[in-house]
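Worksheet: one structure, shown below.
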DNA sequence: ATCCAGGATCTCC
DNA sequence: GGAGATCATGGA
């Protein structure tokens, strides 16, 4: 099998895939991973500082998917300046890069994410994909397209285990199919307009909208706030004091500026793995 | 077994 | 406009 090596600094395959931003990977033997995005599948591994592709297909696409052109060294340096907490979070997983994932899949995935555990979110997405997606040649399934979900009812989503999120998923598919939600169109919107457009879908609040903007549209100034970020922030930045969402947004914007999204992902992963602030 | 999760909505005031 | 209850489910 022909291997293609890719030198990409500040990149750990396992940290990037397993830090909670992505639900569509399969861990293989020898620290390799199979990843799927859209209709593309890739198997890759890591040898030292080199990423190893085990096929030449779609390599430029995957380099973009892994945000390969961005200088994460500079970002981390800016974030760590005068911030020992961030320095610790980053040193815990310095190889996280923010993926550029497909819009519809991220939309549905983060609708499913609400009030749900990551392992369970993965399971639901896997079921949805097996039921309605397209099989690939190595036993993986692509996430279903809006067309493939067109006739799926709320009750069917519920029977798959999606619970109360079923009606949100129906609404999301309807609105996307009705038009005005292509990633090309959405990408032209300002971050504020994009957030409001996304929140017009039932079941998409600010947090889910921010995740979509961060993980699919590269809006790195957003700072999605979930239970873990709230805990980490109040616990380590505010001495255990509770803090309102509005205040937290303001603090994060002031402290991290255009790097807020990166900061959020380092902090989220660190807080969740270390169970910071959990009683 | 009980708790809880990458929240959003609805219902009150 | 803000606080509180409610929502389904299974992994831990």
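Residue numbers (this note's numbering): 4 to 282.
All C-beta atoms in this analysis are idealised placements derived from N, C-alpha and C, irrespective of residue type, glycine included.
In the DSSP assignment, what are the bridge partners of residue 138?
144
_Going residue by residue through the segment 6 to 74, where are the continuous beta strand (DSSP E) segments of at least 3 residues, counting only ones entirely within it?_
Secondary structure remark: continuous beta strand (DSSP E) runs of at least 3 residues inside the segment 6 to 74, in chain order: 7 to 10, 28 to 30, 36 to 40, 43 to 50 and 53 to 56.
- How is residue 233 classed by DSSP in three states: helix, strand or coil? helix
| request: Could you say if the segment 110 to 126 and the segment 36 to 55 meet the contact criterion of at least three C-beta pairs nearer than 8 angstroms? | output: no
Does DSSP put residue 267 in a helix, in a strand, or in coil? helix
Using 8 angstroms as the Cβ pair cut-off and three pairs as the minimum, do the segment 148 to 166 and the segment 59 to 66 touch?
-> no
Check whether residue 235 and residue 180 have beta carbons under 9 angstroms apart
no
Next item on the list: For residue 242, count neighbouring Cβ atoms within 10 angstroms of its own Cβ and tell me buried if that reaches 16, exposed if not.
Entry: exposed
ask   = On the premise that residue 11 lies in contact with residue 78, defined as a C-beta separation below 8 angstroms, what is that separation, rounded to the nearest angstrom?
value = No, residue 78 and residue 11 are not in contact; Cβ-Cβ is about 14 angstroms, not under 8 angstroms.
**contact_flag[the segment 97 to 112, the segment 28 to 36] where n(CB pairs < 8 angstroms) is 3 or more** = no
What's the C-alpha gap between residue 256 and residue 217? 14 angstroms
Query - C-beta contact flag for residue 94 and residue 27 at 9 angstroms - result: no
Point to revise | Bounding residues of the alpha helix (DSSP H) (the contiguous stretch that carries residue 94) | key: 87 to 95
**Limits of the unbroken alpha helix (DSSP H) element including residue 179** = 169 to 181
Practice prompt. Give me the Cβ distance between residue 273 and residue 92, rounded to the nearest whole Å; I'm assuming they're in contact under 8 angstroms.
Written response: 4 angstroms
Hey, would you say residue 24 sits closer than 9 angstroms to residue 104, going by beta carbons? yes
Query raised in the report: Among the residues of its own chain, which have a CB less than 6 angstroms from the CB of residue 158, if the five just before and after it don't count?
Result: Answer for residue 158: no residue qualifies.
Taking residue 216 as part of the alpha helix (DSSP H), name the residues at either end of that continuous run.
209 to 219
- Item | Cβ separation of residue 223 and residue 182, assumed to be a contact under 8 angstroms, to the nearest whole Å | With a Cβ gap of about 28 angstroms, residue 223 and residue 182 do not count as contacting.
Problem set entry | Sequence-distant residues of its chain with Cβ nearer than 8 angstroms to residue 81 (five each side left out) | 262
Item to complete: Pull up the CB-CB distance for residue 101 and residue 268, whole angstroms please, since I reckon it's below 8 angstroms.
Response: Residue 101 to residue 268, Cβ: 6 angstroms. Contact.
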